[in-house]
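In our numbering, the protein residues as written are 4 to 176.
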């Protein structure tokens, strides 16, 4: 389990030092064989609970969500923060559970992240150009430059933005 903006992996713990770790939930020493690490803290598996429904997150799976200091299960995160804003292309709301694409602080549905000229969908790994608020594929960049969109040229490699916080990933807030 990880915390956005925090460490995704706990510091190394030697077998003899487990009893010295303190649980962030109950404050007790952790001598259990298994312990959890999230929000830069160690937890007994019985103490890491959803702030809303009190479900033990260690029993639910390897994912948790954190926002505003709360630790949440997937269902409560979606219930509380179900709308992550509007798509910059279509203006429709984007559910919190949906993967999105970003360019220059703008958020897009995956289906709406398309070239302004040919309307082909841009996918992870594609190179794109963000020019005066519009997206262009590599092929249509010369057309965009000829048509006077040159003033704010930026070239970016395309990367998806993850919603779920699992080991090695980050949560979009």
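C-beta: ideal position from N, C-alpha, C; glycine also.
| query | result |
| --- | --- |
| Would you mind stating whether residue 115 and residue 99 have Cβ atoms separated by less than 8 angstroms? | no |
| Is any non-hydrogen atom of the ligand PLP found closer than 7 angstroms to the C-beta of residue 139, if you look at the structure I gave you? | Absent from the structure shown: the ligand PLP. Ligands present: none. |
| Can you name the start and end residues of the beta strand (DSSP E) that residue 138 belongs to? | 137–140 |
| Do you know offhand how far residue 125's Cα is from residue 118's? | 7 angstroms |
| Ignoring anything shorter than 3 residues, give me the beta strand (DSSP E) runs that lie fully in the stretch 20–61, in order along the chain. | 39–41 and 44–46 |
| Quick check: the Cα distance between residue 59 and residue 112, rounded to an integer number of angstroms? | 32 angstroms |
| Following the continuous beta strand (DSSP E) through residue 105, name the residue where it begins and the one where it ends. | 103–106 |
| From the DSSP output, which residues share a beta bridge with residue 109? | 106 |
| By Cβ distance below 7 angstroms, which residues in the same chain neighbour residue 144 in space, the five residues on each side in sequence not counted? | 132 |
| Span of the beta strand (DSSP E) holding residue 82? | Note, residue 82: premise wrong, no beta strand (DSSP E); alpha helix (DSSP H) at 77–83. |
| Could you check whether residue 61 and residue 39 sit closer than 8 angstroms to each other, using their CB atoms as the reference points? | yes |
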